[in-house]
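*Asks:* Have a look at this one.
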Amino acid sequence: MKLLEEHTSDEAPDATTTNVTSGPFKGLQTPHRSLKANASYVTSSLVDAYLITHPHLDHTSGFIMNTANFQSTGRPKKLAALPPTIEAFKTHIFNNVIWPNLSDENQGVGLITYMRLREGGSSAIGEGDSRGYVEIVDHLGVKAWSISHGHCVETHTHRGSNAGLSLPESGSPMLRPQSLPFMQNSPRSDSLMSGPSVQQIRAEIGGFCVYDSCAYFIRDLPTGKELLIFGDVEPDSVSLSPRNRHVWSEAAPMIISGRLAAIFIECSYNDSVTQDRLYGHLAPRYLIEELNVLAEEVETQRRLHDKDDKENKKRKRVNLVPPAASRRPPPTPISKYPCSRQIILVLRFLWNAMSLLFSYLRHLLYFFPAQNVEAASIR
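Residue numbers for the sequence shown follow the working numbering, beginning at 17 and rising by one.
Right, here's the structure in full:
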């Protein structure tokens with residue numbers, strides 16, 4: 017609604033419509049004069065799919081409240097997310113307790129259809145750079161990667177989030193949430209500390225789980241341009257399940273090729289907030305830390321890309337040289353003088369010719385005397 021308010025002109029063809037003159041909806045003609053009515057029109061009639069990063073209420077309440085307005089549309093809206101988020105909607109939201117089951121599963125009314133995305137995309141879909149991207153609406157493809165959004169303060173498990181727990185090597189500096197059992201007696205601090213051993217962490221972490229969030233690569237299929245949009249995310253350096261690096265690794269070649277147009281990432285707090293009060297979010301110091309990781313990935317992959325280019329050019333040059341079997345070996349030099357070979361060949365030819373000539377004359381000398389003796393005896 018704020019976008020419509022900022023970019024809508026009062027000038028319209030009639031008194032019942034408005035025109036959007038700038039911004040992302042430039043050129044849109046809305047059917048109402050009221051901003052609230054036009055906002056409802058956009059969500060119910062123009063938006064066909066909703067990408068949800070994680071099921072926390074500050075990210076889903078607006079969508080949930082507006083589902084009642086979906087009945088005016090001619091087809092169900094797509095709710096696209098990774099399977100754990102879809103399961104959370106099914107179990108805790110659209111369950112006829114918290115909210116009516118408006119989905120098309122479990123005998124729901126069918127205003128919403130779940131679209132379960134595969135993490136990292138499906139290798140069976142698409143070709144080339146578009147491989148793995150699922151087309152959620154016309155000309156827009158999406159690929160999802162799970163990321164971490166803090167941990168639960170209670171000792172329990174859900175969604176198997178801590179199955180991919182990645183812990184630092186023993187003795188390495190790390191940050192640990194203050195709510196963990198082995199940190200409860202530690203003084204609150206936001207500085208790097210020498211953490212306990214890996215064995216102690218594994219023993220103490222027990223049933224602690226990590227909140228799953230998601231990062232989406234959204235691709236304009238006709239042009240190949242992409243956006244990277246993060247949900248709520250914590251830095252890898254403090255996470256019990258660090259997963260940001262694989263997102264940066266995926267983004268790095270897109271930056272090198274110029275395909276990645278923008279990155280949207282949250283930074284919920286300023287640097288005055290201590291690490292144990294971030295609750296799975298970023299502060300500027302951690303945002304810089306994550307962007308440095310991205311820069312490292314870009315440099316690493318750029319070096320690999322340049323190395324591959326050099327090897328390809330080298331192979332092309334080798335292919336241009338004819339094979340050894342079709343090349344004559346260079347003549348063995350007889351002398352350091354360039355004309356000596358030709359002179360020797362001419363002398364050999366003259367010697368052979370003179371030898372042949374002398375041999376012929378010798379035969380003539382023997383032949384003619386014999387002929388003269390025979391003629392004299394006849395007379």
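In this text, a Cβ means the ideal position worked out from N, Cα and C, and glycines have one as well.
#1: Could you check which residue in P47, G43, V58 has the C-alpha nearest to that of K18?
#2: Check for me: the beta strand (DSSP E) holding N260 runs from which residue to which?
#3: Could you compute how far the alpha carbon of A55 sits from the alpha carbon of V150?
#4: What does I234 pair with, by DSSP beta-bridge criteria?
#5: Please report the Cβ distance between S253 and E313, rounded to the nearest whole angstrom; I am assuming they are in contact, meaning their Cβ atoms lie under 8 Å.
#6: Tell me which residue opens and which closes the beta strand (DSSP E) that F110 is part of.
#7: Measuring straight from C-alpha to C-alpha, what distance separates S138 and A160?
#8: When burial is assigned at 16 or more other CB atoms within 10 Å of the CB, is P71 buried or exposed?
#9: Considering only their Cβ atoms, is the gap separating Y66 from K94 smaller than 8 Å?
#10: Are N286 and A299 touching if we call contact CB-CB under 8 Å?
#11: Taking 8 Å as the cut-off, does the segment 231 to 249 touch the segment 277 to 291 (at least 3 CB pairs, one atom from each stretch)?
#12: Can you check DSSP and say which residues form a bridge with M131?
#13: Alpha carbons only, please: which of T33, L237, R134 is nearest the one belonging to C144?
#14: According to DSSP, is E151 part of a helix, a strand, or is it coil?
#15: Using the Cβ count rule (16 or more neighbours within 10 Å means buried), how would you classify R360?
#16: Could you check if V153 is buried or exposed, using at least 16 other CB atoms within 10 Å of its CB as the buried criterion?
#17: What does DSSP give as the partner residues of S164 in its beta bridges?
*Replies:* Inspection of the coordinates gives the following:
#1: Comparing alpha carbon positions, the residue from P47, G43, V58 closest to K18 is V58.
#2: Careful: N260 lies outside any beta strand (DSSP E), inside the alpha helix (DSSP H) at 260 to 273.
#3: Going from the Cα of A55 to the Cα of V150 covers about 27 Å.
#4: Answer is V158, L243, bridged to I234.
#5: By a beta-carbon distance limit of 8 Å, S253 does not contact E313. Their separation comes to about 16 Å.
#6: Taken as a continuous stretch (DSSP letters only), F110 belongs to no beta strand (DSSP E), as it is neither H nor E.
#7: In this model, S138 and A160 are separated by some 10 Å (Cα to Cα).
#8: The residue in question, P71, is buried, as its Cβ has 16 or more Cβ neighbours within 10 Å.
#9: The Cβ atoms of K94 and Y66 sit closer than 8 Å to each other.
#10: Yes, the Cβ-Cβ distance between N286 and A299 is below 8 Å.
#11: The segment 277 to 291, when compared against the segment 231 to 249, does touch it at the 8 Å Cβ threshold.
#12: Partner(s): A96.
#13: With the sequence shown as reference, residue 144 is identified as Gly, and Cys is not the correct amino acid for it. Checked all of T33, L237, R134; the closest Cα to G144 is L237.
#14: The DSSP-derived three-state label of E151 is strand.
#15: Looking at the sequence provided, one finds Ile at residue 360 rather than Arg. Classification for I360: exposed.
#16: So V153 counts as exposed.
#17: In DSSP, S164 forms a bridge with D228.
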